[in-house]
Each structure stands twice: as C-alpha cells, then as structure tokens.
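Peer 1: So the sequence lines, in the order shown, correspond to chains A and B.
Per the numbering used here, the very first residue in the first sequence carries number 1; after that it's consecutive.
Per the numbering used here, the very first residue in the second sequence carries number 404; after that it's consecutive.
Once you've had a glance at the structure underneath, I'll fire off some questions.
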Amino acid sequence: MLDAVRVLDLTGEPGFLAGKILGDLGADVLKLEPPGGDPDRRGPFLGDVADPERSLAWLALNTSKRGITLDIASEAGRGLLERLLAGTDVLLDSFPPDRGDALGLGWERLHAAFPGLILARITPFGADGPHATYRGRDLVAVAMGGNLALTGDPDRPPVRCSLPTAYHHAAPEAALGIVMALHHREATGRGQRVDVSLQECQLQTLLGGVAVAAASGRKPRRAGARIGSTREIWACKDGWVSFGLRGGAARIPNLVATVEWMTECGAAPVWLRDTDWREFDPRRLAPAEVAAFEEAFGSFFRTRTMRELYEEALARRILLAPCNDAREILEHRQLRAREHFVRVEQPRLGACLEHPDSFARTEDRAVRVRRPAPGIGEHNAEVYGALGVGEAELARLREAGVV
Amino acid sequence: MPLFEDTKILELGAGAAGPLATRYFAEHGARVIRIESARRPDFLRALFRAPAEAGGLDASPMFVALNADKQSVRLDLSRPEARALARRLVDWADVVLENFAPGVMARWQLDWETLREARPDLVMVSGCLFGQTGPQRGYPGFGGQGSAIAGFNHLTGWPDREAHGPYGTITDSLSPRYVALAIAAALLERRRTGRGRFVDVSQIECGVYSLSEMIVRESAGAESPTRCGNRDPVAAPHGVFPVRGEDRWVAIAVFDDRQWEALVVAMGSPEWARAPHLAALAERRSHQDELEARLAAWTRGQDGPELMRRLQAAGVEAGLVQDVEDLERDPQLAHRGHFVRAPHPHLGEVPLERCGFRLSACPGEVRRPGPDLGADDEAVLGGILGLSAEEIDGLREAGVVA
C-alpha cells in the first residue's frame, strides 16, 4: 500500500519496528547503520554466536528493509547523507532532540533544504517541553506514561513487560503519523514533522483512565493477577490461564457454562451448582464469598492443563485463554490456520526463521514480510552505486571508515 | 484546513479497540459517525457508571473519553428498515470500520462481499479479536484473553508469580493503532488508484506481530524471553526503587559504564558503589540483588520528582513511576497539550487526550467529549440521508431509530 514511498531509517531499537511496519506495507525502507553495525544489534544471537550479524532482535525487527552503513558524524558521511536525503520521502529516526540538531538533522534545517521531506522522530517525551531533553528507553517511558504504576502485584514494586511495550505502542503510531503526513504531501507537496512521544503513546494503554479517575474519583490500583476484587489469572496444571470471574450480561453465560462442565466432571460443589447466576456480581459479595468461588473454580483449573482448558473453553464458549509462551503461540491452531507465521530464509546466515507475517490481512497479501533483515552494509554497493558513487570511491570511503 | 476534513467514516462496533482507531481521524478533522442502539448499547457506555445514575448511558467517562469528537446515530440493526438506512450511510462513507464478531456484518448484508461491487472505492476494516477466518474466529473473547494468547502475560510479572500482563488489556490499546494505520494506508492508496479495499485485522495478531522478537528467538532455538521483573539483559541497574510516600517509585536504567559513573557521582560516590565488582556492566549484571538493595537504600526517603530531575540532569535515565493524578499534573504533558479539558453535562470537566504524535503542518485538535446516544439522529438521518422530521419521528415510533 506504500509502494514507491522511500524511507530512510536511522532509528535505534525504539524505532526498528516502525521502519519494519512501513517496509511490510510496501515502502522502500533503507536502514542506515554506523560502520560496524548498529549498537542495538544485541543478543541473544543465532546459534549462540556473539556476532552482530546474528542478533535475533535485529533479524526480527528489521525485515523488509535494505541496509547500508554510513558514519553520519563525519564530513564525508554528511555529504552522502545529503545526497540520500534528496531522494527520500520520509526520514525516520529516534535521535534525542539535541543529538538530532547536532547531526544537522534539526527540523528547521531539513525542512528548508528538503521542503517535501517528512521527518518522523520517536523520542521519549517529544520534541519540545520541559522534559524534551530527558533520556529514557522503555522502562522510563512506561513509568512516566502511567502504565507501570498499575502493573504488578500490590505487595511488590511495579513491574514492566520483558519486551519493550513502549516501542510496540509507538511504532504503529509513528507509522500512522507518517502515512497521515504522506496524505498532506500528496495534497500540498510539503513535508512536515511527525513528532512521536513514547510517553504520550503510553497513555492510551490506560484506556481513558485519567478521565475515569477525574470523573468518578476512582483511582486505579496495582492488582497483579486480579481485576478489581476478583481473580483474573489462575494456576492450572502446567501454567496459567486468564479467566474473568466477573458479572455482566456478556460474561455470565460463560460462568454458567464453566459450572456445567465442572458438574459433568463431578467437580462442582452443590452450592456452586445451586448458585443463581442471573444477578451474579462479585463486587457485591463479601470477601469470604468471593474466596469460596475462587477456590471452587481454582481447584478445578489446577487439575487440567492449559491446552485441555482452552480446548474445552472453545467448545463451550467459555471466556478462558492460555497465557501462552513463544512455543505455544507458534503452535496456536488459529494462528496456524490463518498462516500467521512465515518462514524467512536468511541466506547469509544459512538459516530459516519463522516470523509473524503481518498485522493486517488483505486478499492480495499487501502487508507482509518482504525480505530478511539486512546484514551490515549489505546493500552499500547497490545504494551508493545508484547515487553515482563508483566502486573506487566506495573503496576509499570504506578505507576512511565512512561506510 | 484539517487533514481529513473531507473524510467520512462510519463506525459500527463497541468496546475500546474499534472506537479508539477512528479517534485519530476525528482528531484530524474527519467526520466519524457511530451507529448505535439503545436496544443493545455499547457496553462501554455502562462501564464505571450504573445506567440508573444521572446521565445513564451518556455519562460513562470511559466512553466519552474514547469516543471524543464523534457523532452518534441510533439504528436498531435487527430491523430491516434500519439496515437499509445503514446501507445508505455506507454509500455516504469513505471508510467503514467494524469490530463485531465475524459473521454479524454478513448477516446484516453489510459485509465486504456484499458491498464491494457497489462500492469498489470503499475502505473497509474489520478489527475483531481473532480475525475473520480460521477455526477459532467465533471465539468470544475480551482483551484479557487477547493479551494472554498473544504472549504479553507470559512476559510480564515476576518469575515466581502469575503471568499477569501489562495493565489495561494491551491488545485493546495496541490493535487500534494498527487498525488506524490500515485505514490511513488504504486511503492513501485510494487517493492514488481510486480503489478501495478490505482489511482484516486480528487484535491478537497485532500483538504477536509486535512481539516478533519473541517468535524469531523461539524459532531460532535461542533463549526465549520470559517475565523477569524489571531486569534487562543489557542493563544494570534496571528497575524501580522506592522514594518518599506510599507506593511511590522512581525507575532507573543504566545501560553502560558511563551512565553508571554518572549515577555513582550523583549518589556522592559512596564506597559500596566504587567497589571494583560493580564497575563493569557484565559484573553489575551478576550482582543485581546487591546492587538493587544498595540503590533502594539510597533512594528510599528521597523526594521522587526531585530525584528524577537530579538524575536526569546528571545524564542518568530516570523517571517517576506516575499514577493517574501525576499524569494530570505532568508539566511535559501540559506543555504538549496532551489533555484537553472539555465540559460534559453530567461529568463536569473531562480530561480528553491527544494521540501520541503531533503533525507540525496539520496538528488537529480534540474538542468535544463522546456523544450522547443518538445525539446526531437528526443531523445524520436528516442532514445526510435527507429524511424529513416526520419520517424520523415515524422511525422512532416504529422502533427503527432506537
């Protein structure tokens, strides 16, 4: 859908996924790294060999891009960067505002030199304001954005997701801002700045929580495996499942179906079978009553595996789901049936890895992984050649450490 | 002129994930009309609010926050007359977004297969939990299930405790961004080719796609990520530390030895921090229990905001773990105009929110809280479809506009 859009991707890890999204949508994305490779080519590594070419995070998050190296802080590098920018529609980076300016990539200068260029910059707090120069990656962004305080057990410190959700939220948001700017450019020919704040992207995870708190006086609290007063995450024989012990028209039939199943298995106490579910609302129950319900459901779940519980939940329309690990996701029947995973050959590395193929299905597979992530400088000759840089000049630049 | 001033979006669905997607366009000038019904109201309209309370279905703060700047028309789509009117609104629209269970739109003859011939230029996006195809497409889940299936729960929490996932059912806040992106990209393509298209977005697949690193690592047979508190494989210290007040914390992340040196100096170079076994990152990573305990002893009792400012000034990544009240007072968010305080007849002033990015040439704006149910019956049925006041009254009495 973004065919013919040329993107120059100078991001570090906070923006890898944003560039990948544009590439998977069909844009021609050029990933520029410092000579020697991006410092965010981190472990773990393919085959457990500590080599930046084998960084699995890199391979996962930079598909559908071509790769070049350039020392943009050097004079010769700056000259080449200008030539690259002349043929670029979108510059995507994650430089802190002051660093962007120091590299000659401040918005005012870029806009004057390349009036049609779109500059999308992902920063912790946005391009301006009292915290604009504050540093932070995922942890600081989820802390300042309000999600961290509410995640985790009440008797322990707040806790984050082990993979960077701040970047997960900001990446499609940045891509959306870029496509909106492309609309404007189609209409006017003018570029603009897309100023993405990791912190502001985080606030949407509260789903209007600030408005709810302001209007109702209800301040949410960290509740771990619970939502409100009832359990949401339950132990089973081999892991954990999500199952809401909550009332409401959409949820009560699933509680009834669960109790029916337990009854068939001889696992429902008489009082549970005799419960009148029509008006069931755990918020109106005493803590001891809630505990009795939780013990009844919980002791049943503990006798079954995640898979057994999920299969039966599907058959009986019970709102229960397994807390999948990576292997279980890869084997998930629905995802397999939809061919959500695609095997991508890594010819340079002699490997073939499975990737999620797409975030959006169309009948012509318009959104898909188009090529494996590039090796360090893999497309230098091709890209610089197209700029008119001959082999001899490229060799000189390589010698000088510019590429 | 706002960027999407000429763009018309019809929205059918409920909850958070669908409606959040169109908010980006409302913020940038599009006219977004929700088809709703009092016969089967959006459950969001009843959240945090009993229908019997003043304002009833019009006064859920969550609904009005997530549906800012949209319009609402009532149509009971179980009625054929209502479906015929909805079909006419499709002809008016550039974009149809729906997030019902798969099959519902087909039952109403409002699905892509039915519409594509008459409206080849229509952009239509469906955004349900599991997608439109596959054996489990009818699975009736909520965001809580989506987060668990996609892997976020496995990745969030403490190794010795439940796999509980980030607060707020992450697929509900993550997938709308992808739905909005699909709409924007399809509209851009239509601008160039004149053709519309249908896009099938699965909330769970958006989550799995975001976690590509987890999938690729597993597929490579490498160490698979799992929940590990706040620690990070390439940083130490990396965690949250107590400060003055009840349940108050500051996040501190040190990714290299230069940042560690800055932190040590900021702490006044205590003897423990100068110990040789803490000087290098790899060494600090293998002494994290000690490191975290020492650092917590130093932060405890300090003023959180002041500590954050001091560490940031020293070049250390640090941030207050902000609660919802902190967010409302956050000077950075205030500077960015993130919250727009708008009056609501039943809720007083509601802090509505901007999205996560700003466009310099077409900044957009957030103006009004989400609409009362049926607030725009006349504007939509009369103004767009040309029905007379008598006809609209008749449809109301007949229970079609209900």
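A virtual CB, placed ideally from N, CA and C, is assigned to each residue, including glycine.
Taking Cβ positions, are residue 14 (chain A) and residue 167 (chain A) nearer each other than 7 angstroms?
Peer 2: Locating residue 14 (chain A) in the first sequence gives position 14, where the first residue counts as 1. Locating residue 167 (chain A) in the first sequence gives position 167, where the first residue counts as 1. It is a contact, given that the beta carbons lie within the stated cut-off.
Peer 1: I need the boundaries of the alpha helix (DSSP H) containing residue 406 (chain A), first residue and last residue.
Peer 2: Residue 406 (chain A) lies beyond the stretch modelled for chain A, which goes from 1 to 403, so this question has no answer here.
Peer 1: Hey, out of A:275, A:308, A:212, A:242, whose CA is closest to residue 557 (chain B)'s CA?
Peer 2: Stepping through the second sequence from its first residue, residue 557 (chain B) is reached at position 154. Among A:275, A:308, A:212, A:242, the Cα nearest to that of residue 557 (chain B) belongs to A:242.
Peer 1: Rank A:386, A:135, A:160 by C-alpha distance to the C-alpha of residue 658 (chain B) and give the top, closest one.
Peer 2: Your numbering for residue 658 (chain B) matches position 255 in the second sequence. Closest by alpha carbon: A:135.
Peer 1: Quick one: what's got a C-beta closer than 8 angstroms to residue 63 (chain A)'s C-beta in the same chain, skipping five residues either side?
Peer 2: Indexing the first sequence from 1 puts residue 63 (chain A) at position 63. Here the set comprises 20, 23, 24, 344, 355, 369, 370, 371, 372, 373.
Peer 1: Which residue comes first and which comes last in the beta strand (DSSP E) that contains residue 265 (chain A)?
Peer 2: Residue numbering aside, residue 265 (chain A) sits at position 265 when the first sequence is read from its first letter. First-last for residue 265 (chain A): undefined, no H or E at that position.
Peer 1: Name the DSSP beta bridge partners of residue 318 (chain A), please?
Peer 2: The count along the first sequence starts at 1 and reaches residue 318 (chain A) at position 318. Residue 318 (chain A) is not bridged to any residue.
Peer 1: Roughly how many angstroms separate the alpha carbons of residue 190 (chain A) and residue 116 (chain A), rounded to a whole number?
Peer 2: Locating residue 190 (chain A) in the first sequence gives position 190, counting from the first residue. Locating residue 116 (chain A) in the first sequence gives position 116, counting from the first residue. Going from the Cα of residue 190 (chain A) to the Cα of residue 116 (chain A) covers about 5 angstroms.
Peer 1: Which chain A residues are close to residue 754 (chain B), counting only those with a beta carbon under 8 angstroms from its beta carbon?
Peer 2: As a first step, residue 754 (chain B) is located in the second sequence; it is residue number 351 there, counting from the start. Simply 210, 211, 214.
Peer 1: Under the DSSP definition of a beta bridge, which residues are partnered with residue 33 (chain A)?
Peer 2: As a first step, residue 33 (chain A) must be located in the first sequence, where it is residue number 33. For residue 33 (chain A), which the question treats as bridged, DSSP gives the partners A:69.
Peer 1: Could you give the uninterrupted runs of the beta strand (DSSP E) lying entirely in the stretch 523-602 of chain B, keeping only those of 3 residues or more?
Peer 2: The stretch 523-602 of chain B contains these whole beta strand (DSSP E) runs: 526-531.
Peer 1: So, under 8 angstroms CB-CB, residue 463 (chain B) and residue 502 (chain B) are touching, yes? Tell me the CB distance rounded to an integer number of Å.
Peer 2: Here the question's residue 463 (chain B) lines up with position 60 in the second sequence. Here the question's residue 502 (chain B) lines up with position 99 in the second sequence. The Cβ separation is near 18 angstroms, so there is no contact.
Peer 1: Is the separation between the beta-carbon of residue 726 (chain B) and that of residue 149 (chain A) shorter than 7 angstroms?
Peer 2: As a first step, residue 726 (chain B) is located in the second sequence; it is residue number 323 there, counting from the start. As a first step, residue 149 (chain A) is located in the first sequence; it is residue number 149 there, counting from the start. Yes, Cβ-Cβ distance for residue 726 (chain B) and residue 149 (chain A) is below 7 angstroms.
Peer 1: Pair every Cβ in the stretch 736-749 of chain B with every Cβ in the stretch 225-232 of chain A, then say whether three or more of these pairs are closer than 8 angstroms.
Peer 2: No, they do not touch.
Peer 1: Specify, as a first and last residue, the run of the beta strand (DSSP E) that residue 725 (chain B) falls within.
Peer 2: The count along the second sequence starts at 1 and reaches residue 725 (chain B) at position 322. Neither: residue 725 (chain B) is in no beta strand (DSSP E) and is coded neither H nor E.
Peer 1: Alpha carbon to alpha carbon, how far is residue 780 (chain B) from residue 67 (chain A)? Give it in angstroms, no decimals.
Peer 2: Residue 67 (chain A) sits at position 67 when you count from the first residue of the first sequence. Residue 780 (chain B) sits at position 377 when you count from the first residue of the second sequence. Going by the C-alpha atoms only, they are around 54 angstroms apart.
Peer 1: Report yes if the C-beta distance between residue 252 (chain A) and residue 280 (chain A) is below 7 angstroms; otherwise report no.
Peer 2: The sequence position of residue 252 (chain A) within the first sequence is 252, counting from 1. The sequence position of residue 280 (chain A) within the first sequence is 280, counting from 1. The answer is yes: Cβ separation under 7 angstroms.
Peer 1: Quick one: residues in its chain with C-beta nearer than 7 angstroms to the C-beta of residue 230 (chain A), no 5 flanking neighbours on either side, listed in chain order?
Peer 2: The sequence position of residue 230 (chain A) within the first sequence is 230, counting from 1. Closer than 7 angstroms at the Cβ level, and outside the excluded window around residue 230 (chain A), lie 245, 246, 282, 290.
Peer 1: Residues of the stretch 313-329 of chain A in Cβ contact with chain B at a cutoff of 7 angstroms, in chain order, please.
Peer 2: Within the stretch 313-329 of chain A, the residues whose Cβ lies closer than 7 angstroms to some Cβ of chain B are 314, 317, 319, 321, 322, 323, 324, 325, 326, 327, 329, listed in chain order.
Peer 1: Taking only beta carbons into account, state which residues of the stretch 645-664 of chain B come closer than 7 angstroms to chain E, listed in chain order.
Peer 2: The structure shown contains no chain E; its protein chains are A and B.
Peer 1: Is there a C-beta anywhere in chain B that falls below 7 angstroms from the one on residue 178 (chain A)?
Peer 2: Numbered from its first residue, the first sequence carries residue 178 (chain A) at position 178. No, no contact with chain B.
Peer 1: For a contact defined as C-beta to C-beta under 9 angstroms, what are the partners of residue 618 (chain B) on chain A?
Peer 2: Sequence index remark: in the second sequence, residue 618 (chain B) carries index 215 (1-based). Going along chain A in sequence order, the residues near residue 618 (chain B) (Cβ under 9 angstroms) are 60, 326, 329, 330, 341, 353, 354, 355, 356.
Peer 1: Any beta-carbon of chain A closer than 7 angstroms to the one on residue 705 (chain B)?
Peer 2: Position 302 of the second sequence, counting from 1, holds the residue named residue 705 (chain B). No, residue 705 (chain B) does not count as interfacial toward chain A.
Peer 1: Less than 7 angstroms separating the beta-carbons of residue 74 (chain A) and residue 11 (chain A)?
Peer 2: Translated into the one-based positions of the first sequence, residue 74 (chain A) becomes position 74. Translated into the one-based positions of the first sequence, residue 11 (chain A) becomes position 11. Going by C-beta atoms, residue 74 (chain A) is not nearer than 7 angstroms to residue 11 (chain A).
Peer 1: Out of curiosity, what's the CA-to-CA distance linking residue 636 (chain B) and residue 124 (chain A)?
Peer 2: The residue you call residue 636 (chain B) lines up with position 233 of the second sequence. The residue you call residue 124 (chain A) lines up with position 124 of the first sequence. Answer to the nearest angstrom: the Cα atoms are 20 angstroms apart.
Peer 1: When you compare each of A:159, A:306, A:316 to residue 324 (chain A) by their alpha carbons, which one comes out closest?
Peer 2: On the first sequence, position 324 is the one that residue 324 (chain A) refers to. The option with the nearest alpha carbon to residue 324 (chain A) is A:306.
Peer 1: May I ask you to list, following chain order, the residues of the stretch 757-783 of chain B that have a beta carbon less than 8 angstroms from some beta carbon of chain A?
Peer 2: Correct list: 757, 758, 759, 760, 761, 762, 763, 764, 765.
Peer 1: Are the C-beta of residue 425 (chain B) and some C-beta of chain A separated by less than 7 angstroms?
Peer 2: Position 22 of the second sequence, counted from the first residue, corresponds to residue 425 (chain B). Residue 425 (chain B) does not count as touching chain A.
Peer 1: How would you call residue 692 (chain B), buried or exposed, if buried means at least 16 neighbouring beta carbons within 10 angstroms?
Peer 2: Sequence index remark: in the second sequence, residue 692 (chain B) carries index 289 (1-based). That one is exposed.
Peer 1: Out of A:346, A:367, A:351, A:159, state which residue places its alpha-carbon closest to the alpha-carbon of residue 378 (chain A).
Peer 2: Looking up residue 378 (chain A) in the first sequence gives position 378. Comparing Cα-Cα distances from residue 378 (chain A) to each of A:346, A:367, A:351, A:159, the minimum goes to A:346.
Peer 1: Does the stretch 609-627 of chain B touch the stretch 678-687 of chain B, meaning 3 or more C-beta pairs lie closer than 8 angstroms?
Peer 2: Output reads no: the stretch 609-627 of chain B does not touch the stretch 678-687 of chain B.
Peer 1: Whole angstroms is fine: what's the gap from residue 336 (chain A)'s alpha carbon to residue 603 (chain B)'s?
Peer 2: Within the first sequence, numbered from 1, the residue matching residue 336 (chain A) stands at position 336. Within the second sequence, numbered from 1, the residue matching residue 603 (chain B) stands at position 200. Approximately 16 angstroms, taken between the alpha carbons.
Peer 1: So what does DSSP say about residue 269 (chain A), is it helix, strand or coil?
Peer 2: Your numbering for residue 269 (chain A) matches position 269 in the first sequence. Of the three classes helix, strand and coil, the one that applies to residue 269 (chain A) here is coil, per DSSP.
Peer 1: Can you find a C-beta in chain B that's less than 7 angstroms from the C-beta of residue 282 (chain A)?
Peer 2: Here residue 282 (chain A) is taken as the residue at index 282 of the first sequence, counted from 1. It does not; no Cβ of chain B falls within 7 angstroms.
Peer 1: If you count every other CB in all the chains shown that lies within 10 Å of the CB of residue 49 (chain A), and 16 or more means buried, which is it?
Peer 2: Taking the first sequence and counting its residues from 1, one reaches residue 49 (chain A) at position 49. When all chains shown are included, residue 49 (chain A) counts as exposed.
Peer 1: Given that a residue counts as buried once 16 or more other Cβ atoms are within 10 Å of its Cβ, and exposed if not, what is residue 331 (chain A)?
Peer 2: Translated into the one-based positions of the first sequence, residue 331 (chain A) becomes position 331. With fewer than 16 other Cβ atoms within 10 Å, it is exposed.
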